[in-house]
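Here's the structure, in structure tokens; my notes come after.
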Amino acid sequence: MNRNHLIFFPIFLGTFFILIAQETKIHTHEKKVFQDALSLYNNQQYQAAQTIFEKVKVETKDYETKANSAYYAANAAIRLNQRGADKMMEDFVERYPTSTKRNSAFLDVADYYFETGKYPYALKWYKKVDQSTMSNTDKERFNFNNGYALYSSNRPKDAERYLSKVSNSTKYGSQAKYYLGYIAYEQDDYDGASERFDQITDPELLNEKLSYYQADLNFKLGNFEEAIALAKKQLPKSDRSEVSELNKIIGESYFNLEQYEEAVPYLEKYRGKRGKFNNTDYYLIGYSYYKIGDYDSAVQQFNKIIGGTNSVSQNAYYHLAECYLKLNKKSEALNAFRNASQMDFSAEIQKDAFLNYARLSYEIGNAYEPVPEVLTAYLEKYPKDEHQQEIQELLVDSYITSRNFEGAMVLLEQNKGYASKETYQKVAFYRGVELFMDGDYETAFEHFSKSLKSAENPTFEARALYWKSESDYRLNRFEAALEGFNRFQGLEASKNLEEYQDLDYNLGYCHFKLKNYGSAVNHFKNIVSSGKENIDILNDSNLRLGDSYFVTSQYKLAQTAYDEALKLNVSEQDYAAFQKTLCSGFLGNNSAKLEGLNRFLTRYPKSSFRDDALFELGNTYVKIDEEAKGLQTYDRLVEEFATSKFAPRALLRQGLVHYNANRNSQALTKLKEIVQKYPKTQEAKQAVGTAKLVYVDEGRVSEYATWARSLDFVEVTDTELDNASYESADRKYAEGKTDMAIRGYEDYLKEFPNGLHALQANFNLAQLYFAKGDKEKALPNYKAVADSNGEFTEQALSRVCEIYVGKQDYENAIPFLEKLENTAEIPQNRTFAQSNLMKGYYEKENFDKTITYAEKVLKAPKIDNRIKSDAQIMIARSAIATGDGQLAETSYDEVKKIAIGETAAEAWYYDAYFKNKSQDFEASNTSVQKLAKDYASHKKWGGKGLVLMAKNFYALGDAFQATYILESVISNFSEFESIVAEAKGELSIIKAREAKSNSSVDPNGN
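One point on numbering: in numbering that gives the first Met the number 0, the residue at position 819 of the sequence shown is 818, and numbering is uninterrupted.
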């Protein structure tokens, strides 16, 4: 009950009487008229009386009658609430200063205003009263009325002065003590109030209101049992608002007596101030439920405490966390412990909350801050804590469980005593794997080496050796890789490892790269004869086995291997078929070769080897003297594959065929076509040389010279200087003298920009720049090669694309990526082009093309999960951008299964997002928890997930979790403006809603 509203009007003080003095000499008529007016006045006929008094005042000559008439006329005006009534009374006092009615006028008007409840007016007139001429009865009335009017005008100190004068009065004493007690009560002087209330004897006052205040006073004085008794006594005779307050007094008294079971029903009946609870009210009932073991009900009360920054709030959040733990809601407990740990009202609660927050962060993950930072902060704040060793161990393990191996390595190299050598061995290994998967093979190699130096665990020693060897292989250090794989094979711990299953495959490839084809054959044969379950490895091994036989001229065996690959009917069927056909030719069976090539062209219309096949077909026709068919096939090649490296070769072959058949005119036509269409190729230079022979044969040397000088890519003189300059640079390159080779190639290209060896020089120079890490310098040289159609075109193209993609410069990358896609003979290069075209078109917001290329990537053979997840996420992001929720959900679900790192974090966020959309709030929170635990280092997605979690909790009725999470996002994610803006918007909405029922919440969201 609001004690500020407990205003009681004083008990009636008796009937208001006007004392009539004996009139002195006046005319009989005037006297009768005056008496009639006075009779009307005493009968409260103020309007009629005033009219007569005004008339008598004007007509009479008698001073006393005139004064009395003015007095009663003014009094009547006051009672009629007429405008100017106060002025009439003041005029009376001024005009008749000697009237016996002067002091009575002040007191009479003041009493009238007092009785009508107009206390400010009453005070104005009481102030004019001369107390010295008053009777004791009038003085008592004056002091009580004046005191009560001052109290009602919110002037308690002044009121006390007057009320104290009548505290022992027979008539006014009980009321005076009541108000004096209430003034003390309002000023929190509970002892003084209690003393006053105890002196009251008036039964009406005692029965009416006093028990309520005595109950509240005893509660505030800590007399809880007395407070309970008095409050229960008052309950039956109280109004609705008092019942609510009395229930609060009883409930809180039981609470303070630690009788929580008894407290709950009374605290439940409390209705709050003006229908609103505050944070303390929620705490009292929440703690009572907590103490009697009703944790669900406790949570329902505690989680309504939002925005609290005092000891009550800290205590509430700590016990809320304990309730969540009892209910196995660890994510919710984490937030509550964190909140309690950030308040310093109780150092003991703060420390224990921090410890629990640290432990839970390790156990379930933390989306607000990295778990290692939480544990490190605890160690720094409590360096001599008895839990130090436990937290140190959790700290190291937290890096491992959160897959932050980079952070773990930094920690362990700075704090050797935090973990064992075996732990260091494992962390170095996992960091190496992480770097390997990111393509940083050199740094991965260094970490595998560190792991091997702490080789405590034989299993991890074997694994580190395996992946170190893999790193060597990827860095083209094939001899070192071979040595490592052989050592791995000899370790006892290797035998049961998954890596061991692929050992023959790795050894086979090492020998293959080192051109030890006999050894390569042995290992690939082991794989194909084992019937390996992994069909991709089995297929690839058959192909490499075939290649090994092929390069060692064992064409029959090669054909058998290629046949086995064809039977598997998986990837690279076209390659196996093409190679098998080539074997027929090398075995001297040209008819089989022709049949095979024609069948190949029919069966594989989209194969990247079609241009190879057409070139071989043309060559074979020419070889068996079917010249017309050969020339026709070359024409077909040039027409269908104008950008292929075989197109200029086909034209050159046609020119040579015509030249050898003495068809010089046709020969020159073809040779000049090469020069016109493919001016920067090696074939163009050969064409110029062959054309020279034709012109010489025909005696048209001057014509040749004129034509040759018109070409900008050949030098018609200084050929020997050209060759010498190039050979000098090339020799340094072969000797491994990198800097000297670079200078040599630079000098050659400066002197002979269109020299005989310009293409090879550009490529070698680009390779040298690239190896030194100077990609920008390498780029123009690679581009010069990429624009040609030669032997190194594909490799140069892939490098140009790699450099532009590395800079995220898709504007320049896209034309080269498209060319690489259309001309690549190596499937991995085509997949690389398609995957980056996918990303480039996404950057350009061309979502249709993004999806088209993503689908191409997913259809490519032998792609790893990283590329698959990239493709799926491009589809998902494009679907989000175009509003296709169903496609986005399906794609993110696929990403979730295979992705790692930030891509996986994004997928788990959207998993939570779509579950929120379908109002499956609990499941959505589970996904956010997964995101927080496994992908904490990806802060952007963690922040977005937290905002989503806040929405989920509010939908589930947990305002504390919702507001706390949003406030944490606002504090901890300032680098992500859009996330913070969304969090602020949600927080403002929630606080505005909660302020309607919780007076501790600022409705403006502050």
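Positions of the beta carbon are idealized from the N, C-alpha and C atoms, including for glycine.
### Those residues which DSSP pairs with Phe276 across a bridge
As a working note, residue 276 is residue 277 in the sequence shown. Looking at the DSSP assignment, Phe276 forms a beta bridge with Asn997.
### Query
How about the segment 949-968 and the segment 397-406: do they share at least three Cβ pairs that are nearer than 8 Å?
no
### Task
Taking only the alpha-carbon atoms, compute the straight-line gap between Glu510 and Ala646 and give it to the nearest angstrom.
Position 511 of the sequence shown holds residue 510. Position 647 of the sequence shown holds residue 646. First, the amino acid is wrong: residue 510 is His here, not Glu. Rounded to whole angstroms, His510 to Ala646 spans 34 Å at the Cα level.
### Query
Would the beta-carbon of Glu460 fall within 8 Å of that of Leu474?
Here the question's residue 460 lines up with position 461 in the sequence shown. Here the question's residue 474 lines up with position 475 in the sequence shown. Not closer than 8 Å, so no.
### Query
Buried or exposed: Ala904, going by 16 or more other Cβ atoms within 10 Å of its Cβ?
Residue numbering aside, residue 904 sits at position 905 when the sequence shown is read from its first letter. When all chains shown are included, Ala904 counts as buried.
### Message
Between which residues of its own chain and Tyr465 is the CB-CB distance below 7 Å, once the five residues before and five after are set aside?
### Response
Indexing the sequence shown from 1 puts residue 465 at position 466. The answer, listed in chain order, is Phe487, Glu498.
### Query
Among the residues of its own chain, which have a CB less than 6 Å from the CB of Tyr45, if the five just before and after it don't count?
For this step, residue 45 is matched to residue 46 along the sequence shown. Taken in chain order, the residues that qualify are Ala75, Arg78, Leu79.
### Task
For Asn414, count neighbouring Cβ atoms within 10 angstroms of its own Cβ and tell me buried if that reaches 16, exposed if not.
Here the question's residue 414 lines up with position 415 in the sequence shown. With fewer than 16 Cβ atoms within 10 Å of its Cβ, Asn414 is classed as exposed.
### Query
Three-state secondary structure (DSSP) at Asp293?
Start at 1 with the first residue of the sequence shown, and residue 293 comes out as number 294. In the structure shown, Asp293 sits in coil (DSSP, three-state: anything other than H, G, I, E or B).
#### Entry: Ile978, DSSP secondary structure in three states
For this step, residue 978 is matched to residue 979 along the sequence shown. Residue state, collapsed to three classes: helix.
### Query
Skipping 5 residues on each side, what residues in its chain have a beta carbon closer than 6 Å to that of Ala443?
Along the sequence shown, one-based indexing puts residue 443 at 444. Answer for Ala443: Gly431, Leu434, Phe435, Ser470, listed in chain order.
### Best match in Ala707, Trp706, Leu764 for proximity to Ala733 [C-alpha to C-alpha]
The residue given as residue 733 occupies position 734 in the sequence shown. Ranking Ala707, Trp706, Leu764 by Cα distance to Ala733 puts Leu764 first.
### Query
When you compare only the Cα positions, how much space is there between Ile19 and Lys272?
Walking along the sequence shown from the start, residue 19 turns up at place 20. Walking along the sequence shown from the start, residue 272 turns up at place 273. Residue confidence is low: Ile19 scores 38 on pLDDT, short of 50, so the model does not pin down where it sits. Its coordinate-derived value is still stated next. Roughly 53 Å between the two C-alpha positions.
### Task
Compute the beta-carbon to beta-carbon distance between Phe52 and Ala72, rounded to the nearest angstrom, for a pair I have assumed lies under 8 Å.
Reading the sequence shown from its first residue, position 53 is the one you call residue 52. Reading the sequence shown from its first residue, position 73 is the one you call residue 72. At roughly 4 Å, the Cβ-Cβ gap stays under 8 Å, so Phe52 and Ala72 are in contact.
### Message
Using 8 Å as the threshold, is the C-beta distance between Leu374 and Ala352 below it?
### Response
Here residue 374 corresponds to residue number 375 of the sequence shown, with the count starting at 1. Here residue 352 corresponds to residue number 353 of the sequence shown, with the count starting at 1. Cβ atoms of Leu374 and Ala352: not closer than 8 Å.
### Task
Would you mind working out which of Asn278, Glu726, Asn761, Lys54 sits nearest Ala1007, comparing C-alpha positions?
No answer is possible for residue 1007: it lies beyond the span of the chain, which begins at 0 and ends at 1005.
#### Entry: Limits of the alpha helix (DSSP H) - the one that Leu451 falls within
Taking the first residue of the sequence shown as position 1, residue 451 is located at position 452. 440-452 is the span of the alpha helix (DSSP H), which, as asked, contains Leu451.
### Query
Roughly how many angstroms lie between the CA atoms of Asp157 and Tyr147, to the nearest whole one?
Position 158 of the sequence shown, counting from 1, holds the residue named residue 157. Position 148 of the sequence shown, counting from 1, holds the residue named residue 147. Approximately 10 Å, taken between the alpha carbons.
### Message
By the DSSP assignment, the alpha helix (DSSP H) with Asn951 in it spans what residues?
### Response
The sequence position of residue 951 within the sequence shown is 952, counting from 1. Note, Asn951: alpha helix (DSSP H), 938-954.
#### Entry: Gly83 - DSSP class collapsed to helix/strand/coil
Here residue 83 corresponds to residue number 84 of the sequence shown, with the count starting at 1. Gly83: coil per DSSP, three-state reduction.
### Task
Starting from the C-beta of Glu441, find all residues in its chain whose C-beta is less than 8 Å away, skip the five residues before and the five after it, and write them out in chain order.
Reading the sequence shown from its first residue, position 442 is the one you call residue 441. Closer than 8 Å at Cβ, skipping near neighbours: Ser470, Leu474.
### Nearest candidate by alpha-carbon position, reference Lys684, set Val656, Leu758, Gly735, Asp933
As a working note, residue 684 is residue 685 in the sequence shown. The shortest Cα separation from Lys684 among Val656, Leu758, Gly735, Asp933 belongs to Leu758.
### Query
Leaving out the 5 sequence neighbours to the left and right, which residues in its chain are closer than 6 Å to Glu893 when beta-carbon positions are compared?
The residue you call residue 893 lines up with position 894 of the sequence shown. Result list for Glu893: Gln871, in chain order.
### Message
Beta-carbon within less than 7 Å of Val370's beta-carbon, same chain only, minus the 5 sequence neighbours each way: which residues are those?
### Response
Here residue 370 refers to the residue found at position 371 of the sequence shown. Result list for Val370: Ser360, Tyr361, Gly364, Ser397, Ser401, Ala935, in chain order.
#### Entry: Which listed residue (Arg462, Leu393, Leu394) has its alpha carbon closest to that of Gln424
What you label residue 424 is simply residue 425 of the sequence shown in a count that begins at 1. Of the listed residues, the one whose Cα sits closest to Gln424 is Arg462.
### Query
When you compare only the Cα positions, how much space is there between Leu122 and Glu139?
Position 123 of the sequence shown, counted from the first residue, corresponds to residue 122. Position 140 of the sequence shown, counted from the first residue, corresponds to residue 139. Their backbone Cα atoms lie some 16 Å apart in a straight line.
### Query
Can Leu544 and Val520 be called in contact, C-beta distance under 8 Å?
Indexing the sequence shown from 1 puts residue 544 at position 545. Indexing the sequence shown from 1 puts residue 520 at position 521. Taking 8 Å as the Cβ cut-off, Leu544 and Val520 qualify as a contacting pair.
#### Entry: 7 Å Cβ shell around Gln21 - same chain, five flanking residues per side excluded
The residue given as residue 21 occupies position 22 in the sequence shown. Per-residue confidence for Gln21 stands at a pLDDT of 38, beneath the threshold of 50, marking its modelled position as unreliable; no derived number is given.
### Task
Could you give the DSSP three-state label for Asp539: helix, strand or coil?
Indexing the sequence shown from 1 puts residue 539 at position 540. Here Asp539 sits in helix by DSSP.
#### Entry: Buried/exposed call for Asp863, threshold 16 Cβ in 10 Å
Along the sequence shown, one-based indexing puts residue 863 at 864. By the neighbour-count rule (16 or more Cβ atoms within 10 Å), Asp863 is not buried but exposed.
### Task
Spatial neighbours of Leu692 within its chain, please: CB distance less than 8 Å, with the 5 preceding and 5 following residues excluded, ordered by chain position.
Here residue 692 refers to the residue found at position 693 when the sequence shown is read from its first residue. These residues qualify, in order along the chain: Tyr658.
### Task
Please name the residue in Ala36, Lys929, Gln299 whose C-alpha comes closest to that of Thr50.
Taking the sequence shown and counting its residues from 1, one reaches residue 50 at position 51. Checked all of Ala36, Lys929, Gln299; the closest Cα to Thr50 is Ala36.
#### Entry: Unbroken alpha helix (DSSP H) run spanning Glu734, endpoints
Indexing the sequence shown from 1 puts residue 734 at position 735. Note, Glu734: premise wrong, no alpha helix (DSSP H); not H, not E.
### Message
Less than 8 Å between the C-beta atoms of Leu326 and Tyr294, yes or no?
### Response
Your numbering for residue 326 matches position 327 in the sequence shown. Your numbering for residue 294 matches position 295 in the sequence shown. Yes, the pair counts as a contact, with Cβ atoms nearer than the cut-off.
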